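Some notes on the structure that comes next.
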Amino acid sequence: MKEITILDKKFVEFIPENDIHKRVGEIAYKINQDYKGKDVVFIGILNGAFLFAADLFRRIDLPARITFVKLASYTGTKSSGSIKELIGWNEDVKGKSVIIVEDIVDTGHTLERIVDEMKIRKVTDVKIAAALFKPDAYTKTIPIDYVGFKIPNNFVVGYGLDYDGYGRNLPSIYSLIH
Ligand code: 5GP
Numbered sequence: 043m044k045e046i047t048i049l050d051k052k053f054v055e056f057i058p059e060n061d062i063h064k065r066v067g068e069i070a071y072k073i074n075q076d077y078k079g080k081d082v083v084f085i086g087i088l089n090g091a092f093l094f095a096a097d098l099f100r101r102i103d104l105p106a107r108i109t110f111v112k113l114a115s116y117t118g119t120k121s122s123g124s125i126k127e128l129i130g131w132n133e134d135v136k137g138k139s140v141i142i143v144e145d146i147v148d149t150g151h152t153l154e155r156i157v158d159e160m161k162i163r164k165v166t167d168v169k170i171a172a173a174l175f176k177p178d179a180y181t182k183t184i185p186i187d188y189v190g191f192k193i194p195n196n197f198v199v200g201y202g203l204d205y206d207g208y209g210r211n212l213p214s215i216y217s218l219i220h
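Under the working numbering, think of the first position of the sequence shown as 43, with each following residue one higher.
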């Protein structure tokens, strides 16, 4: 078992790099099928989704665009529940097919906030791609259309996800050891 330490916490390898890359390829394949002949805008949610968005996007063979927005709701290892401001909208998404790219869907507060924003901005349709999904923590009803891995309700880092700013550069996903 590969163990690492970040600041004061220990983590164990949970989803190896190869498994992630294989799964991202499968999701890209599915999106390429589902959106054949369509123009699509990917919206990556910063900071956590930057690696997943990059890996996914380079495997898309549609006429696609990508933009990133920022909306953070986390400090430390527990969701604060409070939603911060949305910043960085520079793409006109009105009348477009949009795929929101999330690192992880936990309670779903973040996702709901973004989907609401999509409705205000009058997108034609919106789907969600999340590298990770915690079904046991999810409190919303919005379907997560493309899920990398369903995971238990435990804190994870790596592949874009951080613990107090560190760990985003880890190519595998690691789970907190209690
Ligand atoms: P939600 O709004 O769904 O509760 O939380 C979504 C956001 O919380 C994610 O985009 C991510 O930034 C953060 N988050 C949720 N669970 C985890 C986790 O296990 N590890 C890390 N590093 N961040 C998480």
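Just so it is clear, CB atoms sit at the ideal spot from N, CA and C, and this is done for glycine as well. A quick note: this is a predicted structure, and the numbers were derived from the prediction, not measured.
Note to self: Measuring straight from C-alpha to C-alpha, what distance separates L49 and F191?
What the structure shows: Distance between the alpha carbons of L49 and F191 is about 26 angstroms.
Margin query: Measuring only the C-alpha atoms, how far is D103 from G207?
Written below: Each residue's alpha carbon lies about 33 angstroms from the other.
Next item on the list: For the beta strand (DSSP E) holding I57, just list the boundary residues, first then last.
Entry: For I57, the enclosing beta strand (DSSP E) stretches over residues K51 to I57.
Next item on the list: Can you tell me which of the three DSSP states A179 falls into?
Entry: Three-state result, A179: coil.
Notebook entry, point to check: Rounded C-beta distance between D180 and T149? I'm assuming under 8 angstroms.
Noted result: First, the residue type needs correcting, since residue 180 is Tyr and not Asp in the sequence shown. Approximately 7 angstroms separates the beta-carbon atoms of Y180 and T149; this is inside 8 angstroms, confirming the contact.
Notebook entry, point to check: Taking all protein chains shown into account, do 16 or more other C-beta atoms lie within 10 angstroms of the C-beta of G79, making it buried, or fewer, making it exposed?
Noted result: Result: exposed.
Note to self: For G90, which residues in the same chain have their Cβ closer than 6 angstroms to its Cβ, ignoring the five residues on either side in sequence?
What the structure shows: D145, G202 and L203.
Notebook entry, point to check: Can you check whether the CB of S214 is closer than 7 angstroms to the CB of N196?
Noted result: Inclusion of N196 and S214 in the CB contact set at 7 angstroms is not warranted, their separation being larger than that value.
Check: Cα-Cα, which of V111, L113, D134 and K72 is closest to L98?
Finding: Selected option, being the one with the closest Cα: K72.
Note to self: Give the list of continuous alpha helix (DSSP H) stretches no shorter than 4 residues that lie fully inside the stretch 124–200.
What the structure shows: As far as the stretch 124–200 is concerned, its whole alpha helix (DSSP H) runs of at least 4 residues are 151–162.
Margin query: Determine whether the beta carbon atoms of A95 and V143 lie at a separation below 7 angstroms.
Written below: Yes, the Cβ-Cβ distance between A95 and V143 is below 7 angstroms.
Next item on the list: Below 7 angstroms CB to CB, which residues in the same chain sit around E154 once its five sequence neighbours on both sides are set aside?
Entry: Closer than 7 angstroms at the Cβ level, and outside the excluded window around E154, lie K182 and I184.
Check: Taking the continuous beta strand (DSSP E) assigned at A106, which residues delimit it?
Finding: A106: member of the beta strand (DSSP E) spanning A106 to K112, first to last residue.
Check: Excluding sequence positions up to five away, which residues of its chain have a Cβ less than 6 angstroms from the Cβ of V165?
Finding: Contacts found: V135, K138 and V140.
Margin query: Given 6 angstroms as the limit, tell me if V54 has its C-beta closer than that to any heavy atom belonging to the ligand 5GP.
Written below: Proximity of the beta carbon of V54 to the ligand 5GP is not indicated: no heavy atom of the ligand is located closer than 6 angstroms.
Next item on the list: Check whether the Cβ atoms of K112 and G130 lie closer than 7 angstroms to each other.
Entry: Yes.
Item checked: K176 to P105 span [Cα, whole Å] -> One C-alpha to the other measures close to 31 angstroms.
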